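A.B. asks: First the structure, then my questions, so here it is.
2 protein chains.
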Amino acid sequence: MLLNPRPDPSPAAHDRVYRGLRTRVMHGEIAPGQALTLRGIGREFGVSMTPAREALRRLVAEGALTLSSSGRVSTPELSDDRIEELAALRALLEVELASRALPRAHIALIDRLTAINAGIADEIARQDAVGYIRRNLEFHRTLYLRAQAPAILAMAETVWLQLGPTMRALYGRLRRQDPPHFHRLIIAALKAGDEPGLRLAVRSDVTQGLRMLTG
Amino acid sequence: MLLNPRPDPSPAAHDRVYRGLRTRVMHGEIAPGQALTLRGIGREFGVSMTPAREALRRLVAEGALTLSSSGRVSTPELSDDRIEELAALRALLEVELASRALPRAHIALIDRLTAINAGIADEIARQDAVGYIRRNLEFHRTLYLRAQAPAILAMAETVWLQLGPTMRALYGRLRRQDPPHFHRLIIAALKAGDEPGLRLAVRSDVTQGLRMLTG
DNA sequence: CCGCGCGATTTGTGATCACACACCCGTCAT
DNA sequence: ATGACGGGTGTGTGATCACAAATCGCGCGG
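Protein chains in written order, with my numbering: chain A, 57 to 271; chain B, 57 to 271.
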């Protein structure tokens with residue numbers, strides 16, 4: 057029959073482990089410098105060392121984790137130079153993505169972005185750093201999905217991944233009171249169809265927070 | 057004693073396999089769509105399936121290879137849309153790298169670039185597509201190393217990796233006669249310290265070849 | 001002559017094991 | 001008290017195996 061062409065009823069074990077760890081890293085749930093062991097990860101996810109090793113190596117390949125000379129993996133502690141580079145990459149990639157999304161940004165998208173922005177205000181009110189990061193990335197991803205540029209978006213997500221543990225440290229340090237100002241500028245530029253304004257707003261939003269990390 | 061702190065006398069097996077396959081893919085020595093098997097790779101490098109699997113998965117994570125739904129890995133056949141995206145990424149990243157390298161580009165670097173350019177002419181004369189790609193990437197990498205931006209360079213190399221198999225198809229199709237024109241423009245802009253000219257020359261060089269792939 | 005189905009073979013997945021090395025911590029000599 | 005040395009534990013690496021699924025090829029029926 058072959059109705060219901062469900063691609064794979066049981067997702068591969070290494071993929072479950074990978075996804076679980078990936079979102080944890082990207083949302084900043086793991087502190088910089090924390091060590092991860094193969095047997096520990098395996099025990100936590102109920103698998104043997106083999107899938108755990110594959111998941112960890114994949115994350116290392118994407119820059120989400122670092123591999124010490126002796127093979128130990130841990131979440132990275134970024135130098136100031138590296139943070140500056142990653143911020144520059146975010147600016148380059150995300151400005152391009154926003155620019156490509158602009159002609160496709162209809163009112164429904166703008167409404168969703170506004171709703172997510174309200175959610176960010178909630179997370180700020182409850183002082184939830186992980187929730188804040190998750191919603192913030194959701195805001196950006198929702199916009200960039202409209203760009204119809206999966207390769208560029210994947211590269212941007214890789215940068216988020218590398219910044220994940222550090223971002224947690226940032227948002228934990230800074231005591232925010234108000235929702236991000238530049239998100240409102242982004243929405244306004246989208247409504248007005250103002251491309252230069254959009255580029256500037258995205259660049260500012262991306263650069264803003266990371267500047268105080270390198271201080 | 058611990059003199060000669062050689063970090064690792066015997067590079068790990070999975071790393072040997074990874075490096076071997078990576079340069080092969082980046083230089084376009086593997087045709088698009090070609091399938092790779094774990095046991096085949098293992099036999100070729102004299103290792104078991106375990107390191108071969110790690111190397112392949114790492115390359116998949118970097119986008120150098122694609123993973124079919126059934127777990128088979130093969131070198132990717134890129135769609136026109138994806139090629140356009142990757143070309144745009146090359147333009148974004150490499151213009152930034154060149155711009156950062158410019159203030160650090162002394163005469164010794166320009167001499168080396170000129171020498172590499174001469175080598176490219178040799179490869180063209182002998183109709184060696186793989187050699188041409190290797191030298192061409194060497195030209196760009198030599199310039200970008202001066203940017204002192206390892207994270208951005210790594211991302212650019214990832215893009216090269218994804219384009220590798222396709223580039224081979226490109227340079228095999230086009231019957232080149234003369235060394236790349238835009239390389240001379242890049243060198244001239246470096247000598248003159250002309251940043252806008254350099255940005256334009258790099259963007260043109262990167263975009264030029266890939267335009268005829270999407271035709 | 002072509003299309004279909006079935007079986008043999010190949011392939012990826014994940015578990016387990018042996019081994020070598022790194023790391024940690026207590027002990028001992030200075 | 002402090003330093004180096006030592007062994008025990010933990011950790012990554014790579015080989016091997018059992019299993020399930022996919023793939024390929026052959027032969028049969030149309």
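Just so it is clear, CB atoms sit at the ideal spot from N, CA and C, and this is done for glycine as well. Model, not experiment: these values are computed from the prediction.
1. Does the region 126 to 144 of chain B come into contact with the region 84 to 100 of chain B, if we say contact requires no fewer than three beta-carbon pairs (one atom in each stretch) closer than 8 Å?
2. When the distance is taken between beta carbons, is A:L148 closer than 7 Å to A:A212?
3. Mind reading off the beta-carbon distance from B:I139 to B:L217? Whole number of angstroms is fine, and I expect it under 8 Å.
4. Under the three-state reduction of DSSP, which class applies to B:T131: helix, strand or coil?
5. Looking at C-beta atoms only, is the number of pairs between the region 100 to 117 of chain B and the region 246 to 255 of chain B that lie closer than 8 Å three or more?
6. When you compare only the Cα positions, how much space is there between B:V81 and B:L123?
7. Can you tell me which of the three DSSP states B:L92 falls into?
8. Closest to A:I166 by CA distance: which of A:R182, A:V258, A:Q264 and A:F195 is it?
9. Since B:T122 sits in a beta bridge, which residues does DSSP pair it with?
10. Quick one: what does DSSP say B:I86 is sitting in, helix, strand or coil?
11. Give a yes or no on whether the minimum CB-CB distance between B:L199 and chain A is below 7 Å.
12. Spatial neighbours of A:G98 within its chain, please: C-beta separation below 6 Å, excluding the five flanking residues on both sides.
13. For a test of the three-state rule: what should DSSP assign to B:V73, helix, strand or coil?
14. Tell me which same chain residues have a C-beta within less than 8 Å of the C-beta of B:L254, skipping the five on either side of it?
15. State the DSSP-derived secondary structure class of A:D250, mapped to helix, strand or coil.
16. For A:L217, return the contacting residues in chain B, with the cut-off set at a CB-CB distance below 7 Å.
17. Taking the alpha-carbon positions, what's the B:A225 to A:R224 distance?
18. Once the 5 residues before and after A:F101 are set aside, which same chain residues still bring their CB inside 6 Å of it?
19. Rounded to the nearest angstrom, how far is the Cβ of B:L142 from that of B:L219, given a contact under 8 Å?
20. Any beta carbon from chain A within less than 7 Å of B:I208's own beta carbon?
21. Evaluate A:G119 with the Cβ neighbour count: other Cβ atoms within 10 Å of its Cβ, from every protein chain shown; 16 or more gives buried, anything less gives exposed.
22. Taking the runs of the alpha helix (DSSP H) that are 4 residues or longer, which of them lie wholly in the region 195 to 250 of chain A?
C.D. replies: In brief:
1. Counting Cβ pairs under 8 Å, three or more are found: they touch.
2. Position 156 of the first sequence, counting from 1, holds the residue named residue 212 of chain A. Position 92 of the first sequence, counting from 1, holds the residue named residue 148 of chain A. Taking 7 Å as the Cβ cut-off, A:A212 and A:L148 do not qualify as a contacting pair.
3. The residue given as residue 139 of chain B occupies position 83 in the second sequence. The residue given as residue 217 of chain B occupies position 161 in the second sequence. Their Cβ separation, rounded to whole angstroms, is 14 Å, which puts B:I139 and B:L217 out of contact at 8 Å.
4. Translated into positions along the second sequence, residue 131 of chain B becomes position 75. Look at B:T131 here: in three-state DSSP terms it is coil, with no helix or strand label.
5. Taking a contact to require three or more Cβ pairs closer than 8 Å, the region 100 to 117 of chain B and the region 246 to 255 of chain B do not qualify as touching.
6. By 1-based counting over the second sequence, the position of residue 81 of chain B is 25. By 1-based counting over the second sequence, the position of residue 123 of chain B is 67. Whole-angstrom Cα-Cα distance: 15 Å.
7. For the purposes of this step, residue 92 of chain B is identified with residue 36 of the second sequence, where counting begins at 1. In the three-state DSSP reduction, B:L92 falls in the strand class (E or B).
8. Along the first sequence, one-based indexing puts residue 166 of chain A at 110. Of the listed residues, the one whose Cα sits closest to A:I166 is A:F195.
9. Mapped onto the second sequence, residue 122 of chain B falls at position 66. Bridge partners of B:T122: B:S130.
10. In the second sequence, residue 86 of chain B corresponds to position 30, counting from 1. The answer is coil: DSSP assigns B:I86 none of H, G, I, E or B.
11. Here residue 199 of chain B refers to the residue found at position 143 when the second sequence is read from its first residue. No, B:L199 lies away from the interface with chain A (no Cβ there is under 7 Å from its Cβ).
12. The residue given as residue 98 of chain A occupies position 42 in the first sequence. Cβ neighbours of A:G98 beyond the five flanking positions: S104, M105 and A108.
13. What you label residue 73 of chain B is simply residue 17 of the second sequence in a count that begins at 1. Helix at B:V73.
14. The count along the second sequence starts at 1 and reaches residue 254 of chain B at position 198. A154, S155, L158, I242, A245 and L246.
15. On the first sequence, position 194 is the one that residue 250 of chain A refers to. Looking at A:D250 - three-state DSSP - the assignment turns out to be coil, as it is neither helix nor strand.
16. Within the first sequence, residue 217 of chain A is the residue found at index 161, counting from 1. Contacts between A:L217 and chain B, judged by CB atoms closer than 7 Å, are missing: the closest CB pair is about 11 Å apart.
17. As a first step, residue 225 of chain B must be located in the second sequence, where it is residue number 169. As a first step, residue 224 of chain A must be located in the first sequence, where it is residue number 168. Between the alpha carbons of B:A225 and A:R224 lies a gap of roughly 44 Å.
18. Locating residue 101 of chain A in the first sequence gives position 45, counting from the first residue. Excluding sequence neighbours, A:F101 sits near V73.
19. Counting from one through the second sequence, the residue named residue 142 of chain B turns up at place 86. Counting from one through the second sequence, the residue named residue 219 of chain B turns up at place 163. Right, the Cβ-Cβ distance comes to about 5 Å (below 8 Å), so this counts as a contact.
20. Taking the second sequence and counting its residues from 1, the one referred to as residue 208 of chain B is at position 152. So yes, B:I208 belongs to the interface.
21. Taking the first residue of the first sequence as 1, we reach residue 119 of chain A at position 63. When all chains shown are included, A:G119 counts as buried.
22. Taken in chain order, the complete alpha helix (DSSP H) segments of 4 or more residues contained in the region 195 to 250 of chain A are 206 to 229 and 237 to 248.
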